Amino acid sequence: MSVRANYANYQGPVRDRVENFHGSQLVYVMWERHLLFCAPLTFLADPAMSFDAFLTEVLTPALAPHPESEKLDFAEAQWRLDGEAFEPRGEASLADNGIGHKSQLRLITPRLSDLADAAI
Amino acid sequence: MNAKTSKRLNMKERYRIMTRDLGWEPSYQRYEDIFPQESFEGIKIVDWDQWEDPFRLTMDNYWKFQAEKERKLYAIFDAVSQNNGQMKISDPRYLNAVKLFITAVTPLEYNAYKGYARVGRQFGGVGARIACQMQSIDELRHTQTQIHAMSHYNKYFGGMHDFPHMFDRVWYLSVPKSFFEDASTAGPFEFLTAISFSFEYVLTNLLFLPFMSGAAYNGDMNTVTFGFSAQSDEARHMTLGLEIIKFILEQHEDNVPIVQQWLDKWLWRGYRLLSIVGMMMDYMLPNKVMSWSEAWTLYYEEAGGALFKELERYGIRPPKYADQTVIGKDHVSHQAWFIFYQYGHATAFNTWVPTAKEMDWLSEKYPDTFDRLYRPRFELLAEKAAKGERFYNNTLPQLCQVCQIPLAITEPDDDTLISHRDTVHDGERYHFCSDGCRDIFHHEPEKYVQAWLPVHQILQGNCGGADMEKVIGDYYRIEMGEDNLDFEGSAEQRRWAAWKQAV
Amino acid sequence: MSRVFIALQDNENARFIVEAISEDNPAAEVKHSPAMIRVEADDRLTIRRETVEEKLGRDWDTQELQVDMISIGGNVDEDDDSFTLYWNT
Chain A
124 MSVRANYANY QGPVRDRVEN FHGSQLVYVM WERHLLFCAP LTFLADPAMS
174 FDAFLTEVLT PALAPHPESE KLDFAEAQWR LDGEAFEPRG EASLADNGIG
224 HKSQLRLITP RLSDLADAAI
Chain B
14 MNAKTSKRLN MKERYRIMTR DLGWEPSYQR YEDIFPQESF EGIKIVDWDQ
64 WEDPFRLTMD NYWKFQAEKE RKLYAIFDAV SQNNGQMKIS DPRYLNAVKL
114 FITAVTPLEY NAYKGYARVG RQFGGVGARI ACQMQSIDEL RHTQTQIHAM
164 SHYNKYFGGM HDFPHMFDRV WYLSVPKSFF EDASTAGPFE FLTAISFSFE
214 YVLTNLLFLP FMSGAAYNGD MNTVTFGFSA QSDEARHMTL GLEIIKFILE
264 QHEDNVPIVQ QWLDKWLWRG YRLLSIVGMM MDYMLPNKVM SWSEAWTLYY
314 EEAGGALFKE LERYGIRPPK YADQTVIGKD HVSHQAWFIF YQYGHATAFN
364 TWVPTAKEMD WLSEKYPDTF DRLYRPRFEL LAEKAAKGER FYNNTLPQLC
414 QVCQIPLAIT EPDDDTLISH RDTVHDGERY HFCSDGCRDI FHHEPEKYVQ
464 AWLPVHQILQ GNCGGADMEK VIGDYYRIEM GEDNLDFEGS AEQRRWAAWK
514 QAV
Chain C
595 MSRVFIALQD NENARFIVEA ISEDNPAAEV KHSPAMIRVE ADDRLTIRRE
645 TVEEKLGRDW DTQELQVDMI SIGGNVDEDD DSFTLYWNT
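Structure (structure tokens):
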């Protein structure tokens, strides 16, 4: 469908195109069924950064306040990228892993503690 | 006694003379040049004279009754300020609901005033123009009386000092702001469907009735008085909202699918917006009147149910995803408060973990959800706070492209999984909280690609840089340690204790 | 069958209006909550000027209802002598 406007060819500016992020891109991460962080997290990341570096430098410190973060082992985790099963290559960049601007990663971990009962 | 014998005209005649008869047929300008926005939405109006205002209110009586309402209202404001009304509230935590009201709701009244002034100009029918004119003036009155009511509290409490500035900038206020701007930038008929019908008729009862009753129950005489005074206008707006819908539907069968799509859209948008009200009722009123879930049952399912039954004969079905709102009523208030609690460093009000007694009330009102999902969360937070590690989320949340609420609401059929949808449009990926919001985007992608999402604006560097303290303090004007953070240990709590000691 | 309702501010005027409603609509249900009175009925509810005037002991214009009314549910039909809420179902 498309908008019914008072004049022809109405098109609003695409406000979040990647050019507006000064060389970085957005990456969202949802830690599935872990709701202490109320919503998936939004990160600004360099697309040339390796996936491993993203995990250690960006994601790990962000998740540190979660009581289960100490037991979190990325080697045991499963990933989904934009709704598809995803096997990240650690040394490859975000871009080479197919993680585009405004992609959403989902982190799925096995049961780590009793907090899982209330999806905390 | 017979019908009143009066020298004056009766109501019906007066209405005819003082509305319809004020119009005229244009002779030297084309109709479509005078009313250039009347047709582009696809709505077909055959005969504007079918428009009926059941109240038959004329401008002279309008001024008379409004003046009386104002006299009553301002007498109470004077009494409250002359009698230290700020000290009569149940608990200083209560005032945080008022702070949220003036920053989130009062600016909407002002936008409604502008909106009705604009659309009133666009209708060919005199009855519709006069109704919009009255409503526009009403909405301005609401803005002014709310500011006056709360100015008394502003002398004693934080968080209210820069409300119009905050409305334009603060992350959670983008939710009401974008809601109304969506309506204001629509055509005149969609605006009426969105605001007069979906919002005023179906949803404002949920804001004003239980919440204002709650204000009364918490000793806030100013709020309950302006609330009910405003709502006395709303009763007229609601009636008009219903008449408008019936009028549009009766004019032409081609209008039915257009109106249906607007109802689907605006009921969903309104439902999402009201998550904030749910949280005010369940978490911010220390003395509670009814739960959000009960209010939703009474005012949406029962009152709304009667309404949609009435509209069936025009070929209108209940709004799409109405079933999801019924499931959501047991979750959204908890999920919303949980968002504000963890971003409580970036709010112009205090947040807190509910007391043990309050949690028991929530368990009783939400037997299927609270103890299983939300109590453990709040108990963990209370435990952390007791150890001096009060939880603040220092990351930024992912937002819905349409409602702009953080993706914190769970799937209708899986309450431990965040509800998330996405789509790719013109090579760009967009994210949503629900099927409802994604449908809205798909219908008008050219409009929603330009959403001003607060998180993305911060990360683009448009809100004063990368330092969150500067964004909160300088860009939002939320004063650190004064307006925000946990109620426990707050400036408000200290001041309240000092005043109570002095009495 | 659907419920119509009117909610009034809990004030001195409303006390008499509610009395009048109850007299003219015996099946109407009156519910009190803080600062507010809600009157409900099946399908139809009529407020008659004459009865309200009798209760108030003074002249009363049906449009005066607007000063004390907080909300309504149902279609409205108003003239000089009465104010009716109804559903067509």
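Chains as they are written, first to last, in our numbering: chain A, 124 to 243; chain B, 14 to 516; chain C, 595 to 683.
Idealized CB from N, CA, C, for every residue including glycine.
Note that this is a predicted model, so its numbers are computed, not measured.
If you check the CB distance, Glu505 (chain B) and Asn363 (chain B) come in under 8 angstroms. As DSSP reads the structure, Tyr443 (chain B) sits in a beta bridge with B:Thr436.
With respect to chain A, the C-beta atom of Trp305 (chain B) has no partner C-beta closer than 8 angstroms. For Glu634 (chain C), the uninterrupted beta strand (DSSP E) run begins and ends at 630 to 636, by DSSP. Looking at the DSSP output, Tyr151 (chain A) shares a beta bridge with A:Thr165, A:Gln227. Taking a 10 Å sphere around the C-beta of Met297 (chain B), we find 16 or more other C-beta atoms and assign the residue as buried. Within chain B, the residues Ala248, Met251, Thr252 have their CB atoms less than 8 angstroms from the CB of Ile666 (chain C), given in chain order.
Lys57 (chain B) and Val272 (chain B) have their C-alpha atoms roughly 11 angstroms apart. Each residue's CA atom was taken as its position, placing Gly667 (chain C) and Arg638 (chain C) some 10 angstroms apart.
The DSSP-derived three-state label of Val188 (chain B) is helix.
Restricting attention to alpha helix (DSSP H) runs no shorter than 4 residues, the region 459 to 505 of chain B encloses them at 467 to 472, ordered along the chain. Counting C-beta pairs with one atom in each stretch, the region 213 to 220 of chain B and the region 246 to 258 of chain B have three or more that are closer than 8 angstroms, which means they touch. The Cβ of Leu298 (chain B) sits no closer than 8 angstroms to any Cβ of chain C. At a cut-off of 8 angstroms between C-beta atoms, Asp671 (chain C) counts as an interface residue with respect to chain B.
Counting C-beta pairs with one atom in each stretch, the region 418 to 433 of chain B and the region 442 to 451 of chain B have three or more that are closer than 8 angstroms, which means they touch.
Annotated as distal: Ile243 (chain A) and Gln201 (chain A), with beta-carbon spacing of 8 angstroms or more.
Chain C places no beta carbon closer than 8 angstroms to that of Val339 (chain B), leaving this residue out of the contacts. For Trp465 (chain B) and Arg229 (chain A), the gap between their C-alpha atoms comes out near 25 angstroms.
For Gly98 (chain B) and Lys25 (chain B), the gap between their C-alpha atoms comes out near 44 angstroms. Against Thr683 (chain C), the close residues of chain B are Lys322, Glu323, in the order they occur along the chain (beta-carbon pairs closer than 7 angstroms). Three or more Cβ pairs closer than 8 angstroms define a contact, and the region 61 to 77 of chain B falls short of that threshold against the region 120 to 134 of chain B.
In this structure the region 265 to 279 of chain B does not touch the region 230 to 246 of chain B; the number of beta carbon pairs closer than 8 angstroms is below three.
Membership of Asp427 (chain B) in the beta strand (DSSP E) is indicated by the continuous run 427 to 431.
Listed by position along chain B, the residues whose Cβ is nearer than 8 angstroms to that of Lys225 (chain A) are Glu441, Arg442, Tyr443, His444. Under a 10 Å Cβ-count criterion, Lys513 (chain B) is classified as exposed, with fewer than 16 other Cβ atoms of the shown protein chains found around its own Cβ. For Ser164 (chain B), there are no neighbours in chain C by C-beta distance under 7 angstroms, as the nearest C-beta there is about 22 angstroms away. Residue B:Thr236 holds the alpha-carbon nearest to the alpha-carbon of Ile89 (chain B) among B:Glu501, B:Glu38, B:Thr236. Nearest CB-CB separation between Asp426 (chain B) and chain A: not below the 8 angstroms threshold. For Leu70 (chain B), at least one C-beta of chain C is nearer than 8 angstroms to its own C-beta. Ile615 (chain C) and Ile641 (chain C) have their alpha carbons spaced roughly 6 angstroms apart. Interface criterion met: the Cβ of Thr165 (chain A) is under 8 angstroms from a Cβ in chain B. When beta bridges are read from the DSSP output, Val269 (chain B) appears opposite no residue.
Assigned with DSSP and collapsed to three states, Gln146 (chain B) falls in helix.
Only Gly474 from the region 474 to 507 of chain B bring a Cβ to less than 8 angstroms from some Cβ of chain A.
In this structure, A:Leu204 is the residue among A:Leu204, A:Ala208, A:Asp237 with its C-alpha nearest to the C-alpha of Lys225 (chain A). In terms of Cβ geometry, Glu256 (chain B) and Pro67 (chain B) form a close pair [threshold 8 angstroms].
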